[in-house]
Amino acid sequence: MTASRGFLRRAALTVTAGAAALVLTACGGDGDGNSHDMGSMASESGSPKAGASGKAGTGGHNKADVGFAEEMIQHHRQAVDMAELADSRAASPEVKELATKIKGAQDPEIETMSDWLTAWGEKVPEDMAGMGHDMASGMPGMMSAEDMADLEKASGAAFDEKFLKLMVEHHEGAVEMAETEQAEGKYAPAIDLAEDVITAQTAEIKQMNKMLDRS
Numbered sequence: 004m005t006a007s008r009g010f011l012r013r014a015a016l017t018v019t020a021g022a023a024a025l026v027l028t029a030c031g032g033d034g035d036g037n038s039h040d041m042g043s044m045a046s047e048s049g050s051p052k053a054g055a056s057g058k059a060g061t062g063g064h065n066k067a068d069v070g071f072a073e074e075m076i077q078h079h080r081q082a083v084d085m086a087e088l089a090d091s092r093a094a095s096p097e098v099k100e101l102a103t104k105i106k107g108a109q110d111p112e113i114e115t116m117s118d119w120l121t122a123w124g125e126k127v128p129e130d131m132a133g134m135g136h137d138m139a140s141g142m143p144g145m146m147s148a149e150d151m152a153d154l155e156k157a158s159g160a161a162f163d164e165k166f167l168k169l170m171v172e173h174h175e176g177a178v179e180m181a182e183t184e185q186a187e188g189k190y191a192p193a194i195d196l197a198e199d200v201i202t203a204q205t206a207e208i209k210q211m212n213k214m215l216d217r218s
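Every number in the numbering used here is 3 more than the matching position in the sequence shown, counting from 1.
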């Protein structure tokens, strides 16, 4: 009986130990499996964001976006050239302040659009300084070489009036170009920039017209 009880006790202990080992193995397996599954889920949940970010940065543009960037870069460059003349030629502090504002807004936009073209594998237009602005005179609101030469020769109140009149025309052209981008473009950042151009330059057109009325 003693031997029998001893045998039964050992058998029970063996079964208990085996069961415990199975439980531990199962728990360990579940833990690894859950960790892997959670990692996969995290990876999968993150991948759509990564894909969306990549697409937003490198794709989703069309010919209208490329044309908008190419032409607006040149358009902005001329506006900056005009604005730089005001520092030494304008008589009105308000004209000088406006010119500084225009340059400060459009220089960074030129850089942004240049970056888009580079990312798209397109050529950034050459700076027309010294080559005559008639090369891009087909764009709405662009000044001719003669207009720019006349502005460069003017000073004082005469410069102020000429600058305001030419810049109103120039801004109206930019707004027209931006509206075309909104209607035909695909690249969201370019459409957003077009909206910024319309908002800012429409407000400046109103300001310049008021300044002209007072002169």
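Even for Gly, the Cβ is constructed at its ideal location relative to N, Cα and C.
Because the structure is a prediction, the values reported are computed rather than measured.
Cβ-Cβ separation, Lys99 to Ala93 (assumed contact under 8 Å), whole Å: Taking the first residue of the sequence shown as position 1, residue 93 is located at position 90. Taking the first residue of the sequence shown as position 1, residue 99 is located at position 96. Sure, about 5 Å apart at Cβ, within 8 Å.
With 16 other Cβ atoms within 10 Å as the buried cut-off, status of Ala89: Mapped onto the sequence shown, residue 89 falls at position 86. Ala89 is buried by the Cβ-count criterion.
Ala122 to Ile76 span [Cα, whole Å]: Here the question's residue 122 lines up with position 119 in the sequence shown. Here the question's residue 76 lines up with position 73 in the sequence shown. Taking the straight line from one Cα to the other gives about 15 Å.
Same chain only: Cβ atoms within 6 Å of Phe162, ignoring 5 sequence neighbours per side: Along the sequence shown, one-based indexing puts residue 162 at 159. Closer than 6 Å at the Cβ level, and outside the excluded window around Phe162, lie Arg92 and Ala93.
Check whether Glu97 and Met214 have beta carbons under 8 Å apart: To locate residue 97, count along the sequence shown from 1; it is residue 94. To locate residue 214, count along the sequence shown from 1; it is residue 211. Result yes, Cβ atoms of Glu97 and Met214 sit closer than 8 Å.
Secondary structure, alpha helix (DSSP H): runs of 4+ residues fully inside the stretch 119 to 174: 148 to 156
Candidates Phe71, His173 and Ile201: closest to Trp119 by CA position: Numbered from 1 along the sequence shown, position 116 holds the residue referred to as residue 119. Of the listed residues, the one whose Cα sits closest to Trp119 is Phe71.
Neighbourhood of Val178 by C-beta, 8 Å cutoff - its chain only, sequence neighbours within 5 removed: For the purposes of this step, residue 178 is taken as residue 175 along the sequence shown, with counting starting at 1. Excluding residues within five positions, the ones whose Cβ falls inside 8 Å are Val200, Ile201, Gln204, Thr205 and Ile208.
Presumed contact (8 Å Cβ cut-off) between Lys189 and Asp110, rounded CB distance: Locating residue 189 in the sequence shown gives position 186, where the first residue counts as 1. Locating residue 110 in the sequence shown gives position 107, where the first residue counts as 1. Actually they do not touch by this definition, with Cβ atoms about 26 Å apart.
Exposure of Arg217, with buried meaning 16 or more beta-carbon neighbours within 10 Å: On the sequence shown, position 214 is the one that residue 217 refers to. Exposed, since its Cβ has fewer than 16 Cβ neighbours within 10 Å.
Distance cut-off 7 Å: Thr205 Cβ against heavy atoms of the ligand MN: Among the components modelled here there is no ligand, and therefore nothing to report on the ligand MN.
N-terminal and C-terminal residue of the alpha helix (DSSP H) that Gly188 is part of: As a first step, residue 188 must be located in the sequence shown, where it is residue number 185. Looking at the DSSP string, Gly188 is not in any alpha helix (DSSP H), and its letter there is neither H nor E.
Lys58 (DSSP reduced to helix, strand or coil): As a position in the sequence shown, residue 58 is number 55, starting the count at 1. Any reading at Lys58 is ruled out, since the residue's pLDDT is 34, under 50, leaving its predicted position unreliable.
Span of the alpha helix (DSSP H), counted from its first residue to its last, around Gly70: Taking the sequence shown and counting its residues from 1, the one referred to as residue 70 is at position 67. Its alpha helix (DSSP H) spans residues Lys66 to Arg92.
Residue from Leu167, Glu112 and Glu87 with nearest C-alpha to Gly144: In the sequence shown, the residue the question calls residue 144 occupies position 141. Minimum Cα distance to Gly144 is reached at Leu167.
Anticipated Cβ contact below 8 Å, Leu154 with Met85, distance rounded: What you label residue 154 is simply residue 151 of the sequence shown in a count that begins at 1. What you label residue 85 is simply residue 82 of the sequence shown in a count that begins at 1. At roughly 6 Å, the Cβ-Cβ gap stays under 8 Å, so Leu154 and Met85 are in contact.
Same chain, Cβ closer than 7 Å to Glu74, neighbours up to 5 away in sequence not counted: Here residue 74 is taken as the residue at index 71 of the sequence shown, counted from 1. Excluding positions up to five away in sequence, the list reads Met142 and Met180.
Same chain, Cβ closer than 8 Å to Gly63, neighbours up to 5 away in sequence not counted: Working through the sequence shown from its first residue, we reach residue 63 at position 60. Lys189, Tyr190 and Ala191.
Through-space distance from His79 to Ala193, alpha-carbon basis: As a first step, residue 193 must be located in the sequence shown, where it is residue number 190. As a first step, residue 79 must be located in the sequence shown, where it is residue number 76. Their Cα atoms are separated by approximately 15 Å.
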